[in-house]
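Structure record follows, encoded as structure tokens.
Residue numbers (the numbering used here): 3 to 104.
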């Protein structure tokens, strides 16, 4: 009987050793994954900072263009107003009156 108990204990010890090896492999993988995750997080933070910088650069480049578009729109509105005034004067026959003044 003592041999049976020793055999059972040896098999249990072998199983415990196998489980310990698997746990060791899991711990090694966790350390590797943790370091990969840390590098990934650092990369994401760097990308976010670069994205913020690019947005600022684009904003600085686009702002003068927006101002120019506003100016051109106002110029077209002013031109349309002047054209409407001239057309109204023509329709009212005020050009003949102006010619008589000179």
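Idealized CB from N, CA, C, for every residue including glycine.
Residue span of the alpha helix (DSSP H) that contains residue i, given as start and end
i          : result
residue 95 : Per DSSP, residue 95 belongs to no alpha helix (DSSP H) and is neither H nor E.
Span separating the alpha-carbon of residue i from that of residue j
i          : j          : result
residue 75 : residue 37 : 56 angstroms
residue 88 : residue 77 : 16 angstroms
residue 22 : residue 15 : 10 angstroms
residue 50 : residue 62 : 18 angstroms
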